[in-house]
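Contents: one structure, followed by commentary.
In this note's numbering, the protein residues as written are 2 to 216.
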């Protein structure tokens, strides 16, 4: 039964409503994309800002050769032959030279260690952190232990050292006042596993222990 409605006009009205719906949906989609894009840009900018701050606050480490250490002494023309007899070293503690055929195992010692074996450890790239037991408290000795790496380090007392702490590597040495002395970290960074050692990277275990090794 006829209701007086023009079919063509009704079709046009439905088409217009659909057009409005799809137009609104398209606008909403564009808005979401714009917001998402803005969020992505903001996120990228935030990450870039964090990276920039990190670069400023945490500069790349210095190259070994660029590290300058106040009071550093270096020594050349060091022999490195294996000998059986005791060696009369010019430096105390020694920084290289002829040495025993067996190296001292790296680690923590509570009594003085045999120098000829310790020098062999230096040949392998180890750092020797010697301390005067009369100048450091037990807490300071523990702080020194915490301040040096766990590997390729010999830590031991040394009588009549002439300084609270003397840090040595093959061909290099510096006296420091305390475990907090910045020169300690500088020296370790510069000379630990140094390519200037005759045999850097050679084993620092599998040699011999001095009787007082505790770690």
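Beta carbons are placed, not taken as given, at the ideal position from N, Cα and C, and that holds for glycine.
Between residue 93 and residue 133, the C-beta spacing is not below 9 Å. Rounded to the nearest whole angstrom, the CA to CA distance from residue 194 to residue 113 is 23 Å. At a Cβ-Cβ threshold of 9 Å, residue 88 and residue 128 do not count as neighbours.
Taking the Cα positions, residue 152 is about 19 Å away from residue 65. Taking each of 197, 206, 213 in turn and checking the Cα distance to residue 96, the smallest one comes out for 197. Residue 62 sits away from residue 124, with the two beta carbons spaced by 9 Å or more. Between residue 111 and residue 157, the C-beta gap is smaller than 9 Å, which places the two residues in contact.
Excluding five sequence positions before and after residue 203, the CB atoms of its chain that fall closer than 6 Å to its own CB belong to 125, given in chain order. In summary, residue 101 is buried, with 16 or more beta-carbon neighbours lying within 10 Å of its beta-carbon over all protein chains present. The shortest C-alpha to C-alpha distance from residue 136 to any of 174, 166, 144 is the one to 166.
Apart from the 5 residues on each side of it in sequence, residue 212 sits with its Cβ closer than 8 Å to the Cβ of 112 in its chain, given in chain order. Cβ contact annotation for residue 74 (same chain, cutoff 6 Å, sequence separation greater than five): 174, in chain order. Its chain contains 97, 98, 99, 100, 124, 199 as the residues whose beta carbon lies nearer than 8 Å to that of residue 81, once the 5 sequence neighbours on both sides are disregarded; these appear in chain order.
With contacts defined as CB atoms closer than 9 Å, residue 148 and residue 116 fail to qualify as a contacting pair.
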